[in-house]
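Each remark here refers to the structure printed beneath this line.
Numbering (the numbering used here), first residue to last: 94 to 576.
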């Protein structure tokens with residue numbers, strides 16, 4: 094599932110969705126309940142409580158980013174899980190901003206009624222999209238260009254309907270025609286490994302993808318805290334001249350590797366001019382090397398797992414190729430993807446490197462799945478406005494995030510059962526690396542993020558002996574008719 098495919102889907106869907114939304118604009122109001130906890134600017138976040146000096150206890154950072162799922166879609170039942178399992182919420186306040194905080198629904202233009210958030214019966218979800226215009230419409234169905242600070246988060250089902258209608262014009266009849274799939278969520282029986290790990294270790298219930306668009310722009314931010322103006326696909330290899338975290342690490346003599354799941358070694362680093370520098374491609378290696386390095390206790394200081402763009406383990410929503418619609422929808426099973434991610438995480442738990450490591454886990458954006466919390470305001474990284482918006486795209490800037498995404502902080506130093514409420518996007522991972530190795534910030538975006546030391550107790554080492562996580566369940570039905 095290359096980035097170009099995702100963009101072609103989004104671009105082709107825009108016109109159909111726009112017509113659909115215009116036709117239903119006044120025919121009903123969303124019954125979505127807005128969050129009781131509005132996000133604030135990262136600059137107003139509370140000071141970290143972990144202690145800056147202790148950060149040097151971490152000598153290995155591993156970053157694992159999966160694809161296209163929102164916080165509510167995956168972790169919307171986190172409060173219920175902890176109550177059922179007797180797991181405390183170590184946070185102030187001792188709450189989690191999930192689906193337990195209200196009754197949430199979206200208006201469906203296909204039915205004229207509301208679709209409430211519900212427990213999906215399928216571990217495979219038909220196609221959705223988080224591209225720029227669709228994401229802004231997800232935030233505000235009737236006024237996508239409006240200021241998002243109190244966004245009703247009411248357009249997810251409408252966008253899903255638009256995709257189904259567009260697919261039908263290509264001869265692909267999607268099982269969901271009402272937009273229902275966008276409102277589905279999983280629970281702790283579906284994603285038992287993630288629920289266990291996020292509850293034993295730490296998560297943030299105001300943790301966002303940095304760009305209100307799809308995979309490419311967000312993954313560029315993960316490496317450079319900017320996409321240098323691109324909200325869709327960058328124009329080609331080497332097009333981005335912004336400094337990356339890898340350059341800063343090299344300048345400081347700090348080791349790093351990008352471990353790639355795809356056999357082709359596809360990496361988003363190729364879009365940066367730095368990739369062409371002598372010796373840089375040698376840092377990009379097959380994923381199997383990660384397991385060898387972890388077992389040998391020879392992980393570099395910073396490891397990034399490049400989730401397979403062309404494989405089926407990324408947890409991306411199922412999709413179809415508009416260039417070959419006769420092939421139909423290719424199912425992608427979230428339990429298969431979670432088991433794949435569990436293998437990577439467990440390799441670190443069992444590694445000699447565990448004693449001084451942290452693994453940061455998240456999804457790259459929400460993928461068009463419902464989340465009830467509005468995006469957070471953030472600074473434009475470098476003053477560059479969007480360069481590649483079409484006339485059909487919603488106007489905007491890089492001053493808001495995307496939706497919240499699932500996330501975990503896994504380390505022997507992680508506070509047990511911890512829940513942060515600090516608003517941040519995942520350029521905070523870069524801020525952590527910069528704080529640990531004394532690197533300069535890359536842009537105004539990572540500079541505005543907290544350094545994440547609040548998640549750690551460097552003195553006590555709460556997880557010196559890691560827990561024994563369950564095997565990821567594989568018993569869910571991959572059946573679009575049950576989604």
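Note that the Cβ used here is the ideal one computed from N, Cα and C, for glycine as well. These numbers come from a predicted model, not from an experiment.
Exercise. Between residue 394 and residue 286, which are expected to be in contact by the criterion C-beta below 8 Å, what is the C-beta distance as a whole number of angstroms?
Worked result: Cβ-Cβ separation between residue 394 and residue 286: approximately 27 Å, too far for a contact (criterion under 8 Å).
Problem set entry | Which of helix, strand or coil DSSP assigns to residue 530 | DSSP, reduced to helix, strand and coil, places residue 530 within a helical segment of the structure shown.
For this session: Check whether the Cβ atoms of residue 334 and residue 474 lie closer than 7 Å to each other.
Result: Contact: no.
Exercise. For residue 174, which residues of its own chain have a beta-carbon under 6 Å away from its beta-carbon, when the five flanking residues on both sides are left out?
Worked result: For residue 174, where only same-chain residues beyond five positions count, the Cβ hits under 6 Å are 281 and 288.
Exercise. When you compare only the Cα positions, how much space is there between residue 250 and residue 154?
Worked result: Each residue's Cα considered, the two are about 37 Å apart.
Exercise. Do you know whose CA, among 424, 210 and 522, lies nearest residue 396's CA?
Worked result: Comparing Cα positions, the closest option is 522.
Problem set entry | Candidates 380, 253 and 183: closest to residue 292 by CA position | Ranked by Cα distance from residue 292, the first of 380, 253 and 183 is 183.
For this session: To the nearest angstrom, report how far apart residue 159 and residue 484 are at their CA atoms.
Result: Distance between the alpha carbons of residue 159 and residue 484: 31 Å.
Problem set entry | For residue 167 and residue 279, the rounded distance between their alpha carbons | Whole-angstrom Cα-Cα distance: 5 Å.
Exercise. Are the Cβ atoms of residue 454 and residue 157 separated by less than 7 Å?
Worked result: Taking 7 Å as the Cβ cut-off, residue 454 and residue 157 qualify as a contacting pair.
For this session: Answer with buried or exposed for residue 114, where buried requires no fewer than 16 other C-beta atoms within 10 angstroms of its C-beta.
Result: In this prediction, residue 114 scores a pLDDT of 37, lower than 50, which makes its location untrustworthy; no coordinate-derived value is stated.
Exercise. Would you report the Cα separation of residue 360 and residue 353, rounded to the nearest angstrom?
Worked result: C-alpha separation (whole angstroms): 7 Å.
For this session: Inspect the beta-carbon positions of residue 471 and residue 164 and report whether they are closer than 7 Å.
Result: No.
Exercise. Counting only runs that start and end within the segment 239-327, where is the alpha helix (DSSP H) found for 4 or more residues in a row?
Worked result: Fully contained in the segment 239-327 are the following alpha helix (DSSP H) runs of length 4 or more, in chain order: 249-262, 285-293 and 308-317.
Exercise. So is residue 192 buried or exposed if we call it buried at 16+ other beta carbons inside 10 Å?
Worked result: Classification of residue 192: buried, given that the 10 Å Cβ count is 16 or more.
For this session: On the DSSP bridge assignment, give the partners of residue 398 in chain order.
Result: Beta-bridge pairing links residue 398 to 157 and 352.
Exercise. Leaving out the 5 sequence neighbours to the left and right, which residues in its chain are closer than 6 Å to residue 540 when beta-carbon positions are compared?
Worked result: Within the same chain, residue 540 has close Cβ partners 534.
For this session: Please state if the CB of residue 369 and the CB of residue 573 are separated by a distance shorter than 7 Å.
Result: It is not a contact, given that the beta carbons lie outside the stated cut-off.
Problem set entry | residue 221 versus residue 194 - alpha carbon distance | Between residue 221 and residue 194, the C-alpha separation is close to 25 Å.
Problem set entry | Close beta carbons around residue 449, own chain, < 7 Å, minus the five adjacent residues each side | So the list reads 150, 151, 152 and 153, once near-sequence residues are dropped.
Problem set entry | Counted within 10 angstroms of its Cβ, other Cβ atoms place residue 568 as buried (16 or more) or exposed | Exposed is the call here.
Exercise. For residue 444, which option in 380, 425, 162 and 384 has the closest C-alpha, if you only look at C-alpha atoms?
Worked result: Distance from the Cα of residue 444 is smallest, within the candidate group 380, 425, 162 and 384, for 384.
Problem set entry | Straight-line gap, residue 351 to residue 366 (C-alpha atoms, nearest Å) | Rounded to the nearest angstrom, the two C-alpha atoms are 16 Å apart.
For this session: Pick helix, strand or coil for residue 171, following the three-state DSSP scheme.
Result: Three-state DSSP puts residue 171 in a helix.
Exercise. Residue 425 to residue 502, Cα distance in whole Å?
Worked result: If I take the Cα positions, the gap works out to 25 Å.
Problem set entry | Beta-carbon proximity of residue 446 to residue 482, cut-off 7 Å | Contact: no.
Exercise. Out of curiosity, what's the CA-to-CA distance linking residue 189 and residue 171?
Worked result: Roughly 7 Å separates the two Cα atoms.
Exercise. For residue 120, does the three-state DSSP call read helix, strand or coil?
Worked result: Confidence is the limiting factor: at residue 120 the pLDDT is only 31, short of 50, which leaves the residue's position unreliable, though a coordinate-based value still follows. Three-state DSSP puts residue 120 in coil, outside helix and strand.
Exercise. Would you call residue 362 buried or exposed, if buried means 16 or more other Cβ atoms sit within 10 Å of its Cβ?
Worked result: The residue in question, residue 362, is buried, as its Cβ has 16 or more Cβ neighbours within 10 Å.
For this session: Determine the closest residue to residue 214 out of 520, 275, 233 and 487, with distance taken between C-alpha atoms.
Result: Ranked by Cα distance from residue 214, the first of 520, 275, 233 and 487 is 275.
Exercise. Quick one, are the C-beta atoms of residue 409 and residue 566 less than 7 Å apart?
Worked result: No, these two residues do not count as a Cβ contact at 7 Å.
For this session: Could you tell me the distance, in whole angstroms, from the CA atom of residue 317 to the CA atom of residue 461?
Result: One alpha carbon belongs to residue 317, the other to residue 461, and they sit about 24 Å apart.
Problem set entry | Closer than 7 Å to chain D by CB, residue 166 | Absent from the structure: chain D. Only one protein chain is present.
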